[in-house]
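Reading through the structure tokens given below for one structure.
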Amino acid sequence: MADRILQDIAEQKKRLAIAQINNNTEEKADAYYNLGRAYYFLEDFHRAIEYLKQYLSITEEEVGDRAGQGKAYSDLGLAYHSLKEFQRAIEYTNKCLIIAKDVGDRAGQGKAYSDLGLAYHSLKEFQRAIEYTNKYLIIAKEVGDRAGQGKAYSDLGLAYHSLKEFQRAIEYTNKCLIIAKDVGDRAGQGKAYASLGLAYHSLAEFQRAIEYNNKHLIIANEVGDRAGQGLGYGNLGNIYFLLGEYQRAIEYTNKYLIIAREVGNRAMEGKAYSDLGATYHSLNEFRRAMECHWKHLNIAKEVGDRKEKGRAYLHIGLIHESLGDVPRAMEYYKQCLSNAEEIGDRFGQGRAYCRLGSCYRELHDLKEAVECYKRHLGIAEEIGDRMAEACAHSKLGQSFLYSDFLNEALEHFRCSVKVYDTIRASSISEDELKISFRTKHQFAYTHLWQVLVMLERNDEALYAAERGRAQALLDALKVTYGLTSLSPRSIESEEEVRCISRKTTVLTVFLALHLKTVNIWVLGKEGIPIFRQAKLEIGGEHEDSFTLLLDTVLKNIWRWYQLAGVGIRCENRSTDKLSDDSTPSSTRDDNQVSEPSQESTDFFQPLYDAVLGPIEDLLDGDELIVVPDGALCLAPWAALRESLRIRMVPSLTSLEVITDSPCEYHSKSGALLVGDPCLEKVTNKWGNPIYGQLKYARMEVEMIGEILESQPLTGKDATKEAVLQRIASVALVHIAAHGRKENGEIVLAPDPRWESKPPTEEDCILKMSDIQALRLRARLVVLSCPHSGQGKVSSEGVVGMARAFLFAGARSVLATLWDIDDEATIMFMKSFYQQLGSGESASVALQRAMKCLRDSHDFSAPKYWAPFVLIGDDVKIELKKKH
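Going by my numbering, the letters in the sequence shown line up with residues -11 to 871, in that order.
In structure tokens, the structure reads:
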């Protein structure tokens, strides 16, 4: 397009030269005007103004063309607007308006009102902008200009967005969108979607913001709007950053940066560097973050954008603060604050006060810290920034906590959690994003229950800790079981804790970890939780003591295993034996664990002493439910005390929802048995098979199939497609296959369509997302796969395959924590299903199957029987048995 404009400029200059020779006034005027317009489209606004003024001079002095003068005034107004000389833009546009009124040009008047609205918007005089845009809208309706009406609605939406009246902004933008669809204006639709995305982003309704930004991106790609694509990618990157999805944020922001460079938009390029710097900072990549923020600062200075300059100062200060250079950080924060105050940037002021508060707190000037945080909170409430409001309350809570003003700290942490809960519940629907959001803002939730414990309000502390557990899972279960009308309970309600406790018929232990302290609540039949605390004395000051304890226990199991010379066969990827440096779930250097003696087999005593020892006097009965926290979510609970039937649940409320689910929801018959998927065609880049076959897994499901009179899926028939087709309706699911160590995802046979094309490993993975997309009716899911109970530990518990089955509606899941032995697992499962078939519950069957291995000659070691864990309800299955 630029080439065509340059050709037109050359032609117009030739035309102008001829007109000057011939002294043809009209030709000269026309050439000047066309040259002005051409340079305007080339964004050479100074030359555009030069030619337009020459055109205006001719029309005023020689031709007397009032309509032409109005046209020139309009274009001059636009050119000065582009140069950010808004007062001069208003001056020329008002002259255009006067002429349009004189000659009775209603459409011209409307355009002038529109341009005046935009100019006042740029001057941040939003009410005047709305006033002129409404006049434009009236005329557009009068003359039947549908496109003009759409533009007016769009501009009104932007003005109300700037006034933080986001609902009104959405209302007007939706009117714009309707008209854009009516007139077939795809670019207009894309712009409307982008504006809606921004509005929902500002309301912290992130899921809807993502939806509208994606719609905008589709249209921008369709119409070839590269700048629009860039802004779309930038907005998505910013949303994912706020949700704690940093890798996705980097992916989108890099696309934004590439396009900004391509279109030569330095301001966009600067913002992209800023967003990348913030994300790298969150990943503790300080050097890369600093490079990005200095590039952002230099660009902001170059283009004269003071708001972005202040933002750069803030981020550079943040890096210095993270590196421990508090005085240097404060210098940059004060520059940010001064800059924001000069230009009236309230958001920037709020952020500067927030960071200055953190610096004063670091310098132990808690009075000044509180003052800064209060100013941050006031600004957040004033501009309607809910995320900043929650953050400010959390920071104030922390400051009052350090000052030992516990009641004040409690009030602010409560407010923070309340806002975060509102944002999460109303704004985010995707499970993964809910988890990321909750993890990113875990500080407020954790400190809420900790302060309550410090105040010895232990019942309230239990409910506050429970409120922060498995929130995303609970949301999914409510939808699955049709309980969407269930209202959230109040954090302050001590009676609600007692209600859960009174309904609990099984002794339940709720755990909450903090540094070296384990906080333990025991819920019994009396309705009053009993609270205990215990401390670990292992690990350094900044080490995760409970992770260290668990790793030590598991490594000791493994070391004994090696020293005793016990042979190992496991369902591992391409080998029949674990390598010498493998451990069940180790994450630490072997040198940190001393070698146990061969005679030592009391592996679980340290873990028992740390967690169940403090409440040993309360462990009456034969059954126990544990709500674990942190590293203890991966503990082999069923192995800690052989006389107890122990199972885990992610939270008290999730168990309550599962057990109270409609009795007709879960199926009472039908089984899906899957074993030994054929994986010989799944190879690495050298053509070697990635996975070995699992003959014992086939034997396992065939044995169970005989017990249940059900034909299993094995070999080439055990495909992902076949499993997904049959899994939703059965009462029992049993899968014996390879499992991924990271999260327990299951490897199944490739679909036959891959006969003409070698399948990749990814083609065969039964993912968490595959299961979560289903609605299962299973009463029991048995994942006889290595690592099926593994995953990322978060406030949700373990985010892995076992949780995915609960999420989809399974009532109970039997999973494994590490590699399982082939022959031992067959013996275990035979005993387990015999017990189920005799009418016993899953927890009883698990306990007796583990005892069966412990009592055996070959499989008495904990390696064989300890990895099995039961998660969820204690179900019974009506098995169809052979007579």
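A virtual CB, placed ideally from N, CA and C, is assigned to each residue, including glycine.
Span of the beta strand (DSSP E), counted from its first residue to its last, around E892 = This structure leaves residue 892 out entirely; the chain is present only between -11 and 871.
Of all the beta strand (DSSP E) runs that stay within the bounds of the segment 635 to 674, which reach a length of 3 or more residues?
-> 659 to 665
Taking Cβ positions, are A719 and V662 nearer each other than 8 Å?
-> no
May I ask you to report which of helix, strand or coil DSSP gives D739?
-> coil
Of the residues R249, E250 and F229, the one placed nearest Y240, counting alpha carbons only = F229
Count the other CB atoms within 10 Å of the CB of P738; is the residue buried (16 or more) or exposed (fewer)?
-> buried
What is the DSSP secondary structure of I423, reduced to helix, strand or coil?
-> helix
Entirely enclosed beta strand (DSSP E) segments - the segment 754 to 804, minimum 3 residues | 768 to 771, 779 to 782, 785 to 788 and 800 to 804
From which residue to which residue does the beta strand (DSSP E) around V497 run?
-> T496 to H502
Kindly confirm or deny that the segment 197 to 207 and the segment 179 to 186 touch, where touching means at least three C-beta pairs closer than 8 Å.
-> yes
Just how far apart, CA to CA, sit K129 and I304?
-> 50 Å
Grab me the residues of L612's own chain with a C-beta within less than 6 Å of its C-beta, minus the 5 sequence neighbours each way, in chain order.
-> L495, L632 and I634
If we call anything under 8 Å between Cβ atoms a contact, is G225 one with D263?
-> yes
At which residues does the alpha helix (DSSP H) containing K383 begin and terminate?
-> R374 to Y390
From what residue to what residue does the alpha helix (DSSP H) around F856 run?
-> Looking at the DSSP string, F856 is not in any alpha helix (DSSP H); the run it does join, the beta strand (DSSP E), is F856 to G860.
Check the C-beta distance from I371 over to K152 and give it rounded, since I have them as a contact under 8 Å.
-> 6 Å
Three-state secondary structure assigned by DSSP to L701 | strand
Outcome for E694 when other beta-carbon atoms lying within 10 angstroms are tallied against a minimum of 16 | exposed
Which partner residues of V510 appear in the DSSP bridge assignment?
-> V497 and I518
Check whether the segment 283 to 298 touches the segment 268 to 275, taking contact to mean three or more Cβ pairs, one atom from each stretch, closer than 8 Å.
-> no
Bounding residues of the beta strand (DSSP E) (the contiguous stretch that carries A724) | L720 to A724
Which listed residue (F793, L499, L344 and D610) has its alpha carbon closest to that of K383 | L344
Measuring alpha carbon to alpha carbon, tell me which of Y28, I518, M687 and A833 ends up nearest A(-10).
-> Y28
Going by the beta-carbon positions, is the gap between L771 and R799 smaller than 8 Å?
-> no
Any idea what DSSP makes of K406, helix, strand or coil?
-> helix
Paired residues, beta bridge with K523 - DSSP = T505
Just confirm the distance between the C-beta atoms of S45 and H109, as a whole number of angstroms; I'd bet it's less than 8 Å.
-> Going by Cβ atoms, the distance from S45 to H109 rounds to 31 Å, so no, they are not a contact pair.
The alpha helix (DSSP H) spanning K355 covers which residue range?
-> L354 to I371
Residues sharing a beta bridge with G727, DSSP | I734
Assigned secondary structure, E153 (DSSP; H/G/I helix, E/B strand, else coil) = coil
Reduced DSSP secondary structure (H/G/I, E/B, other) of P602 = helix
Can you give the Cα-Cα distance for L511 and D392, rounded to whole angstroms?
-> 30 Å
What are the partner residues of D885, as DSSP defines its beta bridges?
-> Because the chain in this structure spans residues -11 to 871, residue 885 falls outside the shown range and cannot be described.
Pairwise C-alpha distance: F388 and Q713 = 56 Å
Is the segment 162 to 182 in contact with the segment 137 to 150, if contact means three or more CB pairs nearer than 8 Å?
-> yes
Within its chain, find whatever has a CB closer than 8 Å to the CB of N446; leave out the 5 residues flanking it on each side and keep chain order.
-> L440, W509, P517 and F519
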